[in-house]
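For reference, the structure discussed in these notes is given below.
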Amino acid sequence: MNDEELQAWVEDVSLRWFGRAFRHRATFNARLRSTGGRYFMKSHDIEINPKQLEHYGKEETEKIIKHELCHYHLHLLGLGYRHRDADFKKLLAKVGGGRFCQSLPGTQRRPLPYRYELVCQSCGMKYARKRKIDPKRYRCGKCAGQLKLKNLKPQE
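Numbers -11 to 144, taken from the numbering used here, label the letters of the sequence shown in order.
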């Protein structure tokens, strides 16, 4: 599928599900990694990740298109277009769009690089930390016990 076919598809979904025309550009962007698509507020254009179409097919990609069209139409109407807004959630549920896209194979999140761990001497509660801190200045948030610093990774 190319950008012209995507444009026609987005225009069709917009008319069919929202009853409004999509008057801007819809394109594929293969550089998107962690998202299925995005909406640009300044230009009102939409980009879709072609890898979602390759891996999960037209049905999942149409959910992504509906999601981005919710942002588009609500923004142009001056209503709540953000993920946290009630208008957005209501319209997304009405049209059957996806709240989240599926993760692409090979894009699993890496574990956070914690280098230190604080361990409570009383209750055993553990606190992961990226930076080294002085355990004498802090207490356990659960039982107010003394903390001991444990080095998880040697410094590079």
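Don't be surprised by glycine CBs; every beta carbon is placed ideally from N, CA and C.
Just so we're clear, the structure is a prediction, and the values are computed from it rather than from any experiment.
Among the options, the one whose alpha carbon lies nearest that of residue i
i	options	result
F28	H43, C58, S2 and D122	C58
Q(-5)	K120, I36 and T23	I36
K141	L135, G112 and E105	E105
S31	T49, H12 and H43	H12
I18	V(-2), W5 and K39	Note that residue 18 is Ala in the sequence shown, not Ile. The candidate whose alpha carbon is nearest that of A18 is K39.
V107	K118, L135 and V(-2)	L135
F10	D75, M113 and H61	H61
L20	L41, F6, R4 and L65	L41
R8	A14, F16, T15 and V(-2)	V(-2)
R117	K124, R127, Y126 and R103	R103
K130	K114, K120, P123 and R119	K114
Q109	R125, L92, G133 and P101	G133
Enclosing alpha helix (DSSP H) for residue i [first to last residue]
i	result
Y69	Neither: Y69 is in no alpha helix (DSSP H) and is coded neither H nor E.
K77	A74 to V83
Q(-5)	D(-9) to V1
Continuous beta strand (DSSP E) stretch holding residue i: start and end
i	result
K136	L135 to N139
A16	Here residue 16 turns out to be Phe, not Ala, going by the sequence shown. Where F16 is concerned, the enclosing beta strand (DSSP E) stretches over A14 to F16.
A116	K114 to R117
Those residues which DSSP pairs with residue i across a bridge
i	result
C108	L135
E35	T15 and R26
R127	Q134
Can you find at least 3 beta carbon pairs, one from the region 51 to 65 and one from the region 73 to 87, that sit closer than 8 angstroms?
A contact exists between the region 51 to 65 and the region 73 to 87.
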